[in-house]
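Going down the list, the sequences are from chains G and R. Every position in the first sequence, counted from 1, becomes a number in this note's numbering once 626 is added. Every position in the second sequence, counted from 1, becomes a number in this note's numbering once 4 is added. Okay, structure first, notes after.
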Amino acid sequence: MDEIRMIAPTGVLGSGYLKESLDAGLKLKPHFIGVDAGSTDPGPHFLGTGTCAFSKQAYKRDLTPLLLGTRSLSIPLAIGSAGTAGGEIQLQWAFDIVKEIAADNNLHFKIALIHAEQRKDYLISQLKAGKIKPLKPELPISEAVITRSEHIVAMMGAEPYMQALKEGADVILAGRSSDPAIFAAFCMQKGYDPGLAWHAGKILECGTAATVFRKRPDCILAYLHKDHFIVEPLDPDARCSPQSIAAHSFYENYDPFYIQESSGLLDISQASYQAVSDRAVKVSGSKFVPQTPPTLKLEGAEFAGYQSVLIGSIRDPIIIRQIDSWMTRLKEKAAERIAELYPAPHAREGITIFYHVYGKDGTMGPLEPVRETLSHELCLIVEVTAGTQEIATTIAGSIRHIALHLPVPEWSGIITGLATPFSPPYIERGAIYRFNLNHVLEVENPLEAFQIEMISI
Amino acid sequence: MPRKLMEMTTLIRSKNAGPFVMSFDIMFDDAAKYRHVKNSNVLNQQLFSELYNIPRDQVHFVSSDAAMAFKISIPRPIPAGDLGCTDMHAGQQYSPLLDIEIPD
């Protein structure tokens, strides 16, 4: 094979792509299609609850043409980080959708399910053996942290994908994965240079994010050769430039030149970018430096409490000009009321309240350099977290009532100083989770934490 | 006359690099403007340490002549989605950079 043509239809499965772009790509007889489905960007809720940030309908729409297209050309399709967080529940949820599409379209193929969720007893034994190491910023780790996690996934590199391809998988549906690994695996399995394979994967995994002006999520294509690769979007209206490709390595990365993967470091500090047309870019000079032992990034989510949120707004300029002291009084009265409601100190444990004043410093909080608001109205969001939903809602309801009638010296008589748009005025957000691991697991073999299950459907 | 950073750049943005780190990109399409800002030395670890209230040694600062861009990564004040978090993607944390003055 003197060239690999591979397509990424979109930056994240479920966000969409143009069917015309995919059809144009399929006409070029690609050898491989890969798509990333995961991210920690939507927050800890998805790993914590085992749900997906996109709906079944969104997955079905995006997956159907991919399964039909790859089966019609008999080329592999790989889907990484299924169901946002790539845990076991999400992998099975995505597998059910794949099976449904296969049944609806009378498709038959060999699928590799690669599991990424980790058993707690395994992780605890690895922790005791000193195999779990912190990344920066450092978070505490102990047996208790592992035990209280709802779910923990390890991020696989290219090796489990390469193994599944070797075993003859037509479709790979994998749990939590390094995004570029989805693409790098196919290229390295075909004997291509790892530096170019990883770099091409890094650019492809975000779909059209590497274009000059991303108008929507869509397909992007790479032509990989022995000593370079060329990237080009499939929508004729979209284009890549040397700067858009070079700049893409900045996006969401800690460092733009050195990108850590489980089995080594992608070094693109010496990469060069040349325009080959007004919409395609040639990349060369990327290097991959293998490192041992392999390190698998761990992601965990733990329960953080139940939450109720109060939303209201303030329009009175008299209150707005004294908003800092108004907030101080509100917080004091709220603390007094909570002490009345829950006199025993242990009953107040786990109660956490954040007050966000939009129009003042809602977005940046204490980092906001503009300290005096110029806004004629403010939005107040009070975030109450507690051990039970009942306690969280009790407190949110109390704060509403206190804020509603909080006096200001300029007005005599009872005032109503907060506008609340909803009934009930609070929103019960249910169980809340937090990310609780920023660690890597050292392994002897990069396959050891990931079970590969081959199924014929 | 000094110019504001936002008037010299094509893009200033912030975004998570994982749930615990936020990263700033400052990008140019003009080599002369990029070099002028780089040579001015106004953008540095100390500036980010002050603007975002974090120890200087936790500011990761890189400039790229090929991409005509600066990249700065720092720990997030609150991890993405944790209690009190107001910007899960850290997408709206760059405003203090816009008005930074670059001397002539």
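No residue lacks a Cβ here, since even glycine has one placed at the ideal position from N, Cα and C.
L924 of chain G: member of the beta strand (DSSP E) spanning 921 to 940, first to last residue. For G674 of chain G, no CB of chain R lies under 7 Å from its own CB, so it is not counted at the interface with that chain.
Residue environment analysis places F32 of chain R among the buried positions, since at least 16 neighbouring C-beta atoms fall within 10 angstroms of its C-beta. Within the stretch 685 to 767 of chain G, the runs of alpha helix (DSSP H) at least 4 residues long that lie entirely inside it are, in chain order, 714 to 731, 746 to 754.
Close to N1064 of chain G, with beta-carbon spacing below 7 Å, are these residues of chain R in chain order: F24. The contact set of N879 of chain G on chain R, defined by CB atoms closer than 9 Å, consists of A21, S27, K75, S77 in chain order.
When C-beta distances to chain G are compared with 7 Å, the residues of the stretch 81 to 94 of chain R below that value are P81, P83, A84, G85, D86, L87, G88, T90, D91, M92, H93, in chain order.
When only Cα atoms are considered, V1066 of chain G and K759 of chain G end up about 5 Å apart.
With respect to chain R, the C-beta atom of L699 of chain G has no partner C-beta closer than 7 Å. Annotated three-state conformation of L644 of chain G is coil, per DSSP. Between the stretch 752 to 772 of chain G and the stretch 908 to 918 of chain G there are fewer than three C-beta pairs closer than 8 Å, too few to call the two in contact. In this structure the stretch 669 to 681 of chain G does not touch the stretch 760 to 770 of chain G; the number of beta carbon pairs closer than 8 Å is below three. By the C-beta density criterion, T773 of chain G is exposed, having fewer than 16 other C-beta atoms within 10 angstroms. Remark: C-beta atoms of V779 of chain G and G827 of chain G do not approach each other more closely than 7 Å. Y787 of chain G carries a helical assignment under DSSP once its states are collapsed to helix, strand and coil. CA-to-CA, the gap between L892 of chain G and K913 of chain G works out to about 6 Å. Contact with chain G is absent for S53 of chain R, since none of that chain's Cβ atoms lies less than 7 Å from the residue's Cβ. Assignment of alpha helix (DSSP H) within the stretch 869 to 911 of chain G, counting only whole runs of 4 or more residues, yields no such run.
For T978 of chain G, the three-state secondary structure derived from DSSP is strand. Rounded to the nearest whole angstrom, the CA to CA distance from T837 of chain G to S707 of chain G is 23 Å. Taking every protein chain shown into account, the CB of V996 of chain G has fewer than 16 other CB atoms within 10 angstroms, so this residue is exposed. T978, F980, H982, G988: these are the residues of the stretch 962 to 988 of chain G whose beta carbon lies less than 8 Å from some beta carbon of chain R, given in chain order. Shown in chain order are the members of the stretch 95 to 106 of chain R whose Cβ falls below 8 Å from a Cβ of chain G: Q96, Q97, S99, P100. The Cβ atoms of L791 of chain G and A650 of chain G do not sit closer than 7 Å to each other. K923 of chain G and Q744 of chain G have their C-alpha atoms roughly 12 Å apart. Counting along the chain, S1024 of chain G sits inside no beta strand (DSSP E); it lies in the alpha helix (DSSP H) bounded by residues 1015 to 1030.
Residue pairing by DSSP places C1005 of chain G opposite G:S939, G:Y984 in a beta bridge. Against E776 of chain G, chain R offers no close residue; the least beta-carbon distance is about 13 Å (beta-carbon pairs closer than 7 Å). When C-alpha distances from L652 of chain G are compared across G:L694, G:I715, G:R687, G:Y685, the shortest belongs to G:L694.
Here DSSP, grouped into helix, strand and coil, assigns G1056 of chain G to strand.
With respect to chain R, the C-beta atom of G712 of chain G has no partner C-beta closer than 7 Å. The Cβ-Cβ distance between R7 of chain R and I106 of chain R falls below 7 Å.
A distance below 7 Å separates the beta carbons of D796 of chain G and F735 of chain G. What A873 of chain G touches in chain R, judged by beta-carbon distance under 7 Å, is M31, A71, A73, going in chain order. Put simply, the CB of Y38 of chain R is far from chain G, with every gap to its CB atoms at 7 Å or more. In this structure, P635 of chain G places its C-beta atom within 7 Å of the C-beta atom of C845 of chain G.
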